[in-house]
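Asks: Residue numbers (the numbering used here), protein chains in the order written: chain A, 5 to 1064; chain B, 21 to 917. Think of the CB as a built atom: it goes at the ideal place given N, C-alpha and C, for glycine as much as any other residue.
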Amino acid sequence: MTPPPLIRNAALAASAGTGKTFALSSRYLALLAAGAEPGSIVALTFTRKAAGEILSRILTRLAAAAASPAGFAELTERLTEAHLPAFADRPAVQAALRSLVQSLPLLRIGTLDSFFLHILRPFRFEAGIAAELAIAPPLENPEDNLILQGLLERTALAPDEQRELLETFKQATFGEEKKSVYGSIARLVQNQYELARRAPDPEAWGTPARIWADPAPLLTPPVPPDWATVFATLDVQAETLQKSGESKAWEKFTAILREVSDDGTYDFGSVLHRRLYTAFTAPDGERTDIPFGRSAITLLPETQEALAPVFAYIRFLVLNRQIIRTRGLYHLLAAYGREHRRHMTRSGQLGFNDLAQLLAPGDGQIPPCRRALMDGRLDAHFRHWLLDEFQDTSLIQWAVIENLLDEVLQNPDADRTLFYVGDTKQAIYEWRSGDPRLFQRILDKYNRPSHTAIERAAPLVQSWRSSPYVLEAVNTVFGDLPDVLPSSLSALADDWNQIVGCWKADWTKPHEAADKIKDLSGHAALYLLPQSEKDAPPPSPFSRAVDLVEQLQQDIPEFERYSVALLTRSNAEGLSVLDALAAKNIRAVWAGNSPLLDNALIPALLSLARLIEHPGDTLARRHIAMSPLAASPIALTPAALAAQGRLIREQGYAGFVAQLAATLDLSKAPLELARLRTLIAIAAEFDRQPDTTALQFCAHVQAQDIAAEDTGSNIQILTMHKAKGLEYDMVILPLMERNGILSHGKRPLLIHEQDSHEPIPPVDWILAAPEQDIISTEPPLADQLAADRRGKALEELRLLYVAMTRARRALVLITTAPGEKSRTLRLGNILQQTLAPDAMPDADAPAWETGDSAWWKQAARAPTSSPPPAAPLALADLPAAPTARPPAARMASQDHVGGDANAGWPFRPEGSLARDFGTRVHDLFEQIEWLAPGDIPAFPDADADAAQLVRTFLALPANHAFLEKPAGTIDLLREQAFEAVLDGRWLSGKIDRLHLERNPAGKPVRAHIFDYKTDQTPDVDRHRPQMEDYRQAVARLFALPPEHITATLLFVRTGDARSV
Amino acid sequence: MCDLKFHGWDLASLPTAVTILTQDWDGNGPLDLRHCRIVVPTRHAGRRLRSKLAQMTAEKGSAVLSGPIVTPEHLIPLPADIADDSLVLALLARRLLRQPPAALFPDATANAPWDFSMALGIATQLQDVRRQLNDADQSASDVLALVPDEEQARWQAIAQLEDEMGHELTRLGLQDPLRARREAAHRRADLPPGTRVVVVFVPDLSPLAARMLQSMSAHHPVELHVLAPASERDRFDAWGRPLPDRWETEPLPLDEHHIHVYEQAPDETEAIANTLLEAEQHQRALAVCTPDPDNARALARHLQAENLRLYLPNGVPLGTTAPGRLLSAWLTFLRQRSCASTAAFLRHPDAQEWLQHALELDDVRDLLSEFDRCQSAHLPTAFDDLREFARDFTVLPRALEAMAQHTDTPLGSFLADIYDCRRPPPPGTRPDPLFSEAANGLASLIHSVDETTQRLSLTDEDALALLQTALPREQVFPRPDPAAPRETIGWLEVQWEDSPAILLADMREGVVPETRVGDAFLPDSLRVRAGLPGNRDAFARDLFLARALLASHPSGGVRFLYSRRAANQDPQLPSRLLLAAPDSELPARVSLLFARPALRAARPAIPARPVLQLTPPACRPEKIPSRLRATDFSAYLACPFRFYLSRILHMRPEADNARELDPMGFGILAHEALQQLEALSRATDPTAIQDQLLEQLDRLARMQFGARPPLAVVVQLDSLRQRLRAAAHVHAASVRDGWRIIRAEETLNGELDGMHLRARIDRIEQHVDDGRIRILDYKTSDAGDAPLKTHYQPQKKVWVDLQLPLYRYLYHQKNPDAEVSVGYFTLPKAATDCQIVELDFQGKNGDLYDSAIATAREVIAAIRAGCFWPPAQVRPTYDDFALLFAGQPPLIEEPSP
Ligand code: SF4
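#1: Between the alpha carbons of A/L803 and B/A483, how many angstroms are there, rounded?
#2: Could you list which residues in chain B have their beta carbon closer than 7 Å to that of A/R653, in chain order?
#3: Is it right to say A/S1063 is buried, meaning 16 or more other beta carbons lie within 10 angstroms of its own, or is it exposed?
#4: Give the secondary structure of B/T352 by DSSP, where H, G and I count as helix, E and B as strand, and everything else as coil.
#5: Beta-carbon of B/H322 versus every beta-carbon of chain A: anything under 8 Å?
#6: Should the segment 328-338 of chain B be regarded as contacting the segment 491-499 of chain B, the criterion being three or more beta carbon pairs within less than 8 Å?
#7: Could you name the residues of the segment 436-457 of chain B whose beta carbon sits closer than 8 Å to any beta carbon of chain A, in the order they occur along the chain?
#8: When burial is assigned at 16 or more other CB atoms within 10 Å of the CB, is A/M844 buried or exposed?
#9: Could you tell me whether the segment 727-746 of chain A touches the segment 826-842 of chain A, where touching means 3 or more Cβ pairs closer than 8 Å?
#10: Cutting at 6 Å between CB atoms, please list the residues of its own chain near B/E290, excluding the five before and the five after it.
#11: For A/A814, which three-state DSSP category applies?
#12: Quick one: is A/R751 near chain B, going by C-beta distance under 8 Å?
#13: Can you round the beta-carbon distance between B/G510 and B/P311 to whole angstroms, since I take them to be within the 8 Å contact cut?
#14: What residues from chain A crowd round B/V532, counting only those whose CB sits closer than 8 Å?
#15: So, helix, strand or coil for A/G903, using DSSP?
#16: Note down, in chain order, all residues in the segment 183-200 of chain A with a beta-carbon under 7 Å from any beta-carbon belonging to chain B.
#17: Apart from the five residues just before and just after A/L610, which ones in its own chain have a Cβ nearer than 7 Å to its Cβ?
#18: Report the residues of the segment 609-626 of chain A with a CB closer than 9 Å to any CB of chain B, ordered along the chain.
#19: Comparing alpha-carbon positions, which option in A/I818, A/F1014, A/V425, A/P226 lies nearest A/R1028?
#20: Is it the case that the Cβ atoms of B/L512 and B/P61 are separated by a distance below 8 Å?
#21: Does DSSP classify B/V531 as helix, strand or coil?
#22: With a floor of 3 residues, list each beta strand (DSSP E) that falls wholly inside the segment 822-892 of chain B, ordered by position along the chain.
#23: Assuming B/E288 and B/S583 make a contact with CB atoms under 8 Å, what is their CB distance in whole Å?
#24: Apart from the five residues on each side of it in sequence, which residues of its chain come closer than 6 Å, Cβ to Cβ, to A/V504?
#25: Measuring alpha carbon to alpha carbon, tell me which residue in B/A305, B/G907, B/P264, B/V514 is nearest B/A521.
#26: Who are the neighbours of B/L599 on chain A, taking C-beta pairs under 7 Å?
#27: Output needed in chain order: residues of the segment 14-35 of chain A with a Cβ under 8 Å from some Cβ in chain B.
#28: Does any residue of chain B bring its CB to less than 8 Å from the CB of A/Q83?
#29: Give the single residue among A/L991, A/L101, A/V481, A/A300 whose Cα lies nearest to the Cα of A/V981.
#30: Of all Cβ atoms in chain A, is any one closer than 8 Å to the Cβ of B/H277?
#31: Would you kindly work out how many angstroms separate the C-alpha atoms of A/P619 and A/R626, rounded to a whole number?
Right, here's the structure in full:
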């Protein structure tokens, strides 16, 4: 017998559709087979949906293997095939299944975020957080950003802090003070805060010595040029100019220099000025002329010499401005960071991004040596790590994971493993800090020539999703990226070659269809639309796509059965396609919309919420008046609005909406009804936050994205980014490209990492990017920009790959033929060059196609015996019994309150005093059994006032007599609780004192009820109902006729006794 | 020792409990339970029991004389001299503040100033830990023996805190309530002689409760009743708690058809709601158990929308009741003295009613509207600034004065004053069912914090912090709602429901059983070592409860509902109860729960479209304007319908969420400062001009924002200063070029096609050499676009703005011979782009001026014809009316002309 294969650390590259989840679940099952405890395996991914899929895949595969010998054989085969250990026999599988379901709460299969939260929670104090953790909802608008408010409102900062912040802000937005400060800072924080946390070292921000080989000219301000001499020299040259155009240009030139000489803050914003700058900074000796319009002015040697210090001066001005900006940005972000930290410490409210930050070594306070602590507080020992979608892991996330699993990698013999799977070809989340380079860098870090710590598993290229024809398109485009660009694009060759080089490193082999779908019919096509001509505008890719959908709807029988995706690049494009479809009466689902507001009712409801708090809002008022709400009985009078406002305070916005819903008849408006229900749910979620305002409620509702599946159309429109991880029978990809893929490089900041093979390379320098032309004159900046540009272009390629691989059966690509002289490289060029290099544009016939355009005629194989859905719930199936409603309840006793019944009474000190006093008086009376005539108890330990009052009351002989024992057999009941059902009402109460007379046979014959009141003025009528209740209860308890029962109110304060 | 009694589980708790309590009753006279101390698992179970006893005795024509019915926590009354929660918290916090224990909170001062309210945050968490330990009859120092080395330091710190807090209490002559409970449990119980202790179906007595019962059993009979057949005896411990070893492998006799799996929680809610509505319609008994209070509330809301009221017995946090919110808003106000917290208080209807009464207002709307206007005009952040600015208003200053006057009023009296003004609810509205509970709860909380404040001489600020910390910790319980025909119950009392049909909602892990994974102080392993119920105990208890429930109900009467995802899409795992299947059924069960298609709420089969529309009022002829401003035209050209809404229906938003100057406010301020230039008509020295402009700006800013504008405004003013400096240069240059301002802020009136036109002109200048006239408009938009770009779209050959052409037109009307040019004086964000740009009417196709005036005529004709339809296709970037334009295409009916 061969020993079971070992489970080794492994990295697996898996192309789109090749069953990443399946591979991950195999690995999990193999670990179980090898005897790993379910609680010791951590499987992490990025979305909750993916996490759900992984768990359900593991459980269902295990269940299938447990259920039948065939299932067992299948599982064994799959595991063996993947060189993984399998289960010994079916009982072993059954045992594993049992243990897995018993460990459900201990399973750590989920998102990175939820895992991080799970481990941070028990360590919150160590992480410096004083309150319970709560994940704060993402901010809907900058006004809700409490941290920003704290930063920008006088209340939070000391005056010198304010001055500093003001200065910082001015620096960060140097010369570009926009009108909206909140907006600007919110944007800066949103875009750059993560960077600030990754690069906490202030030295990384705008330090010339880190950027330039010769930083000296940028370190100290140069002596301003001797302007008088400069202008004199320029005037000399001016005289030599002949043409009037030239002298006009020269005038402009000198005017600019004059302004520079004036205050040194000249902005090189316009094209002309930027060109000038380029000329200024040309290497010495080449600076012979200044470009103006189409010509140039040749500089005299004297002029050149005079201008040299001017150019140095200007270079300093321009670059120093960026340096100041960068440092200002750092300080601004640091100030925000401090405020943010303070907020987290006190409130415990974190965003998802904060989790990793707090756990990462360095910032967080949980050093790796605390592993023992962690195991203890989590009741777990994590030994096996399975990481999904690894290409999207960010550096900071990796820092946390690495910190937790380094024992795995440093101690290869122990029973610990790491497995990660991903597809760097699908890495399209770099804007969300996903870093696909990690995939390789981790291998580089841990693998030594002598020792392979992490094995690179054979990449998966067999697709279980796409038909061979779709794959043919993918392979043709991506397996064979053009080495040579068309001649018009030769300027881009260098960049392009590097990009292709990167792509090829990730592209291992052509994709192939798995056996199961090898024979499935399918179709792939590329439409190449003609360039727009002067008069007749040609169909745009969008309108072509819309026509195509219309056509398919007619051609394909049961069209609704097929899922169709129309992928666009941006949300705005998606919405315009949606509009175009709607114009043709085709209903599609916009997967990015917030359909909650797609009707006239919910917006009006929001206006009502607004109006309640802002009664002067005439927009809201008139909106309601013209809305469907006008039909409801809601009035907009002050009293009615106040009542609504109170309802919100009592029952939250959910109660408010529900109450409104009850007044509307929506039987004919099912969509509105559905939206209203969704709104109630959203409002309930919102109501959990304390102290909210109507405006916040509106912003919250408006920011909601509701799952798109609600409207039931089979056509979905979504962005290429959003499509990741999804699949459709048919994908239509109309490419509307305004910019080339290599023109996206510029970002607000240039960020340079140190050359390092560490998984997490430190940030070397950061600089706010100056104008493009200026960058091009500064080699370190230019290099960084080029690298950024290539990175961005590579991501564009990946996006195309993701989009194309979403298709199961059919893929239609639509692009416009590139212009012959076009100098930009678009994705469309790549499609054309690879699929149909020689085709002529034609709007009606594909330039390239493969497979069968009537692919739907062959039905896909039915999925293997899909199980029936869970049983629905129906009243008819439940055992029937008539409603046995507990009787409506009533408390017969009242609090021991005296005085009048104003709503404010309970709050008054007198109110609670009276309540306490009443209670004390009652306590004293309860102590009294029977009084001997003339005996007035002393109540030595009692509250003096209460005792005095009771004694005074008893000093009146008539009152005293009530508590003297009468002749005969008398039962005494004090503070006696009772329960009774009278007239269908359930009555609970407590009788202060009851005398029950019995006849010699022991049968009750008469009863006397006493009730003590501490009211200031006796008001019998107020207490009559209570006494009536008592009388009835006593009648029932002791089977007495009511007329044999007396009830007496003893007004202790006034000494009155009144029978009722 | 206590007497363990088994009862079989063919019947549910309620009838069995009634049998137990009535076994000695012959039906003559009342059912006398005066000598019974009855212990039930939950408040609600007690209520059901009392109600059932009342009903049962009523059937025999009698009633109940009852004794105490309590939950295990209230078995023993506590002595009078115990400290309340607020005092304990304050003592712990004070100790923490004085000397933050590094072992507990290593980072005490690094990230935030370490103050009382932060310390309170930690104290509340520690107090909760202590309370849990107390249930296990343990204290922090007891735990020291149980925790591993690496946790010793932390627990030592807690134990020390606990100790010191205890000493301080002793000094104050008070007892720690937790310690007092333990001591009481160990002492001889002080029950009236002859008392019989009856514990009815409490499957999870805490160690402390068990200890109390043991003490009682020395002198009183103690019966422990278990809802299981005697044959199961050895599966329970001496306190009637299911033994994990004997239960955790027990399969439940559960038919797969009785498990309903939903896609997400709202689907489940809707299914329950529909079933309940149907049951209500047919008067059928149907009980619903909702272990998750959030889902219970969601269900109640759903039914409320269908006009069916559901009573939720769950406790409600005191801070979320209406008076609780008022107090919370007031506390925040007292602590922050900010404008926002003032608003939060003023917007509470109870505060409004008080102010309306106290200030004798006709209409409280004036107050709120004044607040909005004052806020957006002056952007105050502090209460004192707000008061300053409020002077220009009528009601607002009085309201703020009233608030200011009450800042020192004791909280109780203040709330009393407010609620004394409360009028009875208007007819047709329900009075707040929680009001009196909440009022009493608040009053006693305030009282207790007051006492703590005095005892410990806390500062006012600390006292407020303490109250704000304590407020969310208190709960109030709603009284049964006579108007609610249905109610829901929790998991622990589901046995107490006697309906044959029961829906068990929220059957998911973490809820049933309530599993804890990971804890800062009491992780499961430590809980078990400390004798607290651990996850295995919780599972065993719930399995037993489910087993008994299934046994006592007809087949199919108990339904288990589970949703795979929460309403917020978080994945949810099914309860392990649902997976307690025999080996042979487990694979199918797994498939049902994880793989088979789940149920969804019923949806209309055809794609639904919204049907309801907005019906804007028709434009009445008398509303058609007879005069227009030059700036109105661009609004009409941009969107006739929005023009109708804003200019004719006068729909205007009003709010209080401005935090900085909006573009319009920014522009107005710039204009007002630039008015100064009129007096500088001949000035050519930029520095002198700058000085004047900036001085003017400072004056204006001080008037508008006071001495301490919010920082955002400071930054904006700085930007404005920058622009004004640049403008000074441009102005000086224009003077040097020979231009002189002849009029500024001039209103021109005129007429076009019988329409009265009106324009307010920033700057009219004349050239000294040739007398040419130039009319300029100051533009402060960030981009600084040239006038032609903002006025005219050459591709479409359409005018989108007519402001400058109309200026020229109006000027000409008065001065037919003048040579007039028009343009912008731009002040964009890049100050270096500040310049004067004239509108050049010379397009490719000749002079465009006439076409501009023609467009103006068309607009006038259209407005006169009442033509405000259709709205523009393109949505503006900033749209006040965005809410009206919902839907694709917008769901608005064309107003009838
Ligand atoms: S996400 Fe894509 S690649 Fe991964 S398993 Fe699902 S379908 Fe396959």
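Replies: According to the structure shown:
#1: 58 Å
#2: A342, R345, H368, P369
#3: exposed
#4: helix
#5: yes
#6: yes
#7: Correct list: A436, D437, I438, Y439, D440, C441, R442, P445, P446, T449, D452, L454, F455, S456.
#8: exposed
#9: Yes, they touch.
#10: A621
#11: strand
#12: no
#13: That pair is a contact at about 6 Å.
#14: Chain A residues near B/V532: none, gap ~12 Å exceeds 8 Å.
#15: A caution first: A/G903 carries a pLDDT of 40, below 50, which makes its placement in the model unreliable, though a value can still be read off. A/G903: coil per DSSP, three-state reduction.
#16: Under the 7 Å Cβ criterion, the segment 183-200 of chain A contributes K183, S184, V185, Y186.
#17: C702, V705
#18: L610, S611, R614, I616, E617, H618, P619, G620, D621, T622, L623, A624, R625, R626
#19: A/F1014
#20: yes
#21: Coil at B/V531, not helix or strand.
#22: 840-846, 855-858
#23: Taking 8 Å as the upper bound for CB-CB distance, B/E288 and B/S583 are in contact here, some 4 Å apart.
#24: Once the five neighbours on either side are set aside, the close Cβ partners of A/V504 are L485.
#25: Nearest to B/A521 by alpha-carbon distance, out of B/A305, B/G907, B/P264, B/V514, is B/A305.
#26: V105
#27: none
#28: The identity of residue 83 of chain A in the sequence shown is Leu, whereas the question assumes Gln. Not one chain B Cβ lies under 8 Å of A/L83.
#29: Note on identity: in this sequence residue 981 of chain A is Ala, with Val being the wrong assignment. Taking only the C-alpha atoms, the option nearest A/A981 is A/L991.
#30: Taking Cβ atoms only, chain A reaches closer than 8 Å to B/H277, which makes this a yes.
#31: 11 Å
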